[in-house]
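Single-structure report; data block below.
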Amino acid sequence: MAGAGPAGGGAAGGGRRRAVVGVGGVVVLLAALDAYVVVTVLVDIARDVGVPLNRLERATPVVTGFLLGYVAAMPLLARLSDRYGRRPLILGCLAGFLAGSVVTALATGVPVLVAGRMVQGIAGGALLPIVMALVGDLYDARERPPVLGAIGAAQELGSVLGPLYGAGVAAVAGWRGIFWLNIPLSIVAAVIVWRALPARRSGVPAPRGVAAGAVAPLGAGGAAPLGAGGGVPRGGVVGGVLLAVALGLMVVGLYNPEPEKGALPDWGLPVIGAGVVVGVAFVVWEMRARVRLIDLAEVRRGPFLATLGVSMLAGAALLVTLVDVQLTAQTLLGEDAVGGALVLSRFLVALTVAALAGGVLARRFGERAVAVAGLAVATVAYVRFSQWPVDLAGAGVRMDVDLVLAGAGLGVVIAPVSSAVLRVVPAAQHGVASAAVVVARMMGMLLGVAALSGWGFHRFQSLTADLDTPLPFGVEPAEFARRLAEYEAKVRAALHTEYTEIFLITAVLCGLAVLVATLMPGRARTPRP
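For the sequence shown, the positions run 263 to 791 when the numbering used here is used.
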């Protein structure tokens, strides 16, 4: 009976809808946690799989592999949920997430570890747009934005809790315990999804005005309608494949297992060039295809693309901070994973508080003004990062203040970006537009950490290329101790130079984001009574 589902079923129906969305938020949070969970234990992971501290570049695919799978899967598997239903796809993603966690937990070398993380990313990345599609299935255009905001908050919470969660679990059960714990969590989530979501094709009861079992229109669930034959739209799949291939080629081109030979590997430029070509093909396809990942026909393109650009640049700065502040704490301050997480917590707490304040400020001053101000503060903070002394232990509160400034600057941008993108697209596309903000941020994280890590590791190798490791043979103990201390001081100086340059480049990215943010939509005008 049309309209008889929870969307039109009174208090009981409203409770059912909230339960379904609550379940969706939980699975999105589970996947988001694992996007960031390794940043505080990356050194421990590298050490355990045989990667020495001075060759950490070999461990970066542990981060980029997950992000690549996460971004690539979003458009493709979300399309499949239109064909096969929300519940089967969510359950399939949870099964894939569990399998990837098992592979990761059992890994003894980098290739298997990266494979496990990529499977996790593919499964986890699809959960966000599918859950957003659920929101479109359940709520009409007027009710939808606050619910999408709640799902987005679950995604953002992962970036805040992930590093602390990873360090906490690793302190008790080791880094492998993080991934073993995903098994019971995934099973519990699957049972709840199985019980909470009906098995009908759309995955949920129909919202008002939509016949039960019907497929939601474009944007209502963040996905295009099915073709006449009932299959997955070919245009959406081709666009998703082109985007995934373009990103994959760029990441492979930026990955440099031998940074002592150059900033890019021998294959770097040709592969990156191929990625750019495929990226252009993606843009051309999206302009010509009948079914697109995002339909820009009724969208204010300038402000929309500017908002995605801000999300991408802020994402790059965010992940570089999560990775490099942790590495700075462990290599220059001598902290362990937990100690590094505590250092990073200054940034994360400020990020959380500012994210909450950003929505209030955006309502008062407008999204563009708040985003510009926040990014300007972040730019200043990263310039200050680049001025940190080698002896960080003697820096006092300087490091704490700078971390709080950076967290506040990036955090306050989150709500304005999410709000602005909803203002420049029709209500029917709020779901897919919200997902696009997350995809843009993840793309920034993926490409940013790959590029800056490649540059940083190259600089470290070039700065330490002429250093000879002192050996305790044939010298007096006092002389060996002197040589070892001198060697360690030079290594620390090289690490300091590497981090200094990475943070300075991050400041440039934030400065560029300030300029892009000026093109975001201005303050909404309140109509006169």
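Note that CB positions come from ideal geometry on N, CA and C, so glycine has one too.
Keep in mind that this is a model prediction, so the values were computed, not measured.
- For the options Leu368, Leu400, Gly378, the alpha carbon positioned closest to that of arginine 438 is the one of Leu368.
- Glycine 773: member of the alpha helix (DSSP H) spanning 739–779, first to last residue.
- The beta carbons of alanine 638 and valine 632 sit no closer together than 7 angstroms.
- Exclusion of the five residues before and after alanine 568 leaves Val778, Leu781, Met782 as the residues of its chain whose Cβ lies within less than 6 angstroms of its Cβ.
- Taken atom to atom, the span from the alpha-carbon of glycine 537 to that of leucine 505 is near 9 angstroms.
- DSSP places valine 622 in the uninterrupted alpha helix (DSSP H) bounded by 599–627.
- Distance from the CA of valine 675 to the CA of leucine 390, rounded to the nearest whole angstrom, comes to 20 angstroms.
- The beta carbon of glutamate 629 lies closer than 7 angstroms to those of Pro678, Ser681, Ala682, Met782, Pro783 in the same chain, with the five residues before and after it left out.
- 7 angstroms or more divides the Cβ of aspartate 653 from the Cβ of arginine 608.
- Residue state for valine 365 is assigned as helix, using DSSP reduced to three classes.
- The shortest C-alpha to C-alpha distance from leucine 375 to any of Pro425, Asp399, Thr322, Ala578 is the one to Thr322.
- Taking all protein chains in view, the Cβ of arginine 550 is surrounded by fewer than 16 other Cβ atoms within 10 Å, so the residue is classified as exposed.
- Residue Ala294 holds the alpha-carbon nearest to the alpha-carbon of leucine 426 among Ala294, Val503, Val311, Arg685.
- Comparing alpha-carbon positions, the option among Val381, Ile413, Ser421, Gly386 lying closest to threonine 614 turns out to be Ser421.
- A straight-line Cα-Cα distance of about 54 angstroms links glutamine 723 and arginine 457.
- Look at tryptophan 442 here: in three-state DSSP terms it is helix.
- Nearest in C-alpha terms to phenylalanine 566, of all of Gly430, Val687, Leu725, Val434, is Val687.
- Apart from the 5 residues on each side of it in sequence, valine 289 sits with its Cβ closer than 6 angstroms to the Cβ of Leu389, Ala451 in its chain, given in chain order.
- In the three-state scheme derived from DSSP, where H, G and I count as helix and E and B as strand, aspartate 296 is classed as helix.
- Following the DSSP letters along the chain, one finds alanine 576 inside the alpha helix (DSSP H) bounded by residues 563–593.
- Excluding residues up to 5 positions away in sequence, Ala385, Ala388, Leu389 lie with their Cβ nearer than 6 angstroms to the Cβ of cysteine 355 in the same chain.
- In the same chain as alanine 334, and ignoring 5 residues on each side of it, the C-beta atoms closer than 6 angstroms to its own belong to Ala506, in chain order.
- The beta carbon of isoleucine 767 sits closer than 8 angstroms to those of Leu714, Trp717, all from its chain and outside the five residues before and after it, given in chain order.
- Annotated as distal: serine 343 and phenylalanine 441, with beta-carbon spacing of 7 angstroms or more.
- For the region 635–660, not one full-length alpha helix (DSSP H) segment reaches 4 residues or more.
- In the DSSP annotation of this structure, glycine 736 is not part of any alpha helix (DSSP H), being labelled neither H nor E.
- A distance below 8 angstroms between beta-carbons, with the five flanking residues on each side excluded, links leucine 667 to the following residues of its chain, in chain order: Ala612, Val639, Ala640, Val642, Ala643, Arg646.
- Scanning its chain for C-beta atoms nearer than 7 angstroms, with the 5 sequence neighbours on each side dropped, one finds around alanine 619 the residues Val674, in chain order.
- Put simply, the backbone Cα of tyrosine 761 is about 16 angstroms away from that of valine 305.
- Beyond the five residues adjoining it in sequence on each side, glycine 541 comes within less than 7 angstroms, by CB distance, of Ala508 in the same chain, given in chain order.
- Here aspartate 528 is exposed. Its C-beta has fewer than 16 other C-beta atoms within 10 Å.
- Relative to glycine 621, the option among Pro373, Ile449, Ala670 whose CA is nearest is Ala670.
- Excluding sequence positions up to five before and after alanine 599, its CB lies within less than 6 angstroms of the CB of Thr302, Val303, Asp306, Ala429, Ala432, all in the same chain and listed in chain order.
- With respect to alanine 616, glycine 602 sits apart: the two C-beta atoms are not nearer than 7 angstroms.
- As the crow flies, the alpha-carbon of phenylalanine 544 is around 48 angstroms from that of alanine 657.
- Taking C-beta atoms as the reference points, valine 283 and valine 409 count as a pair closer than 7 angstroms.
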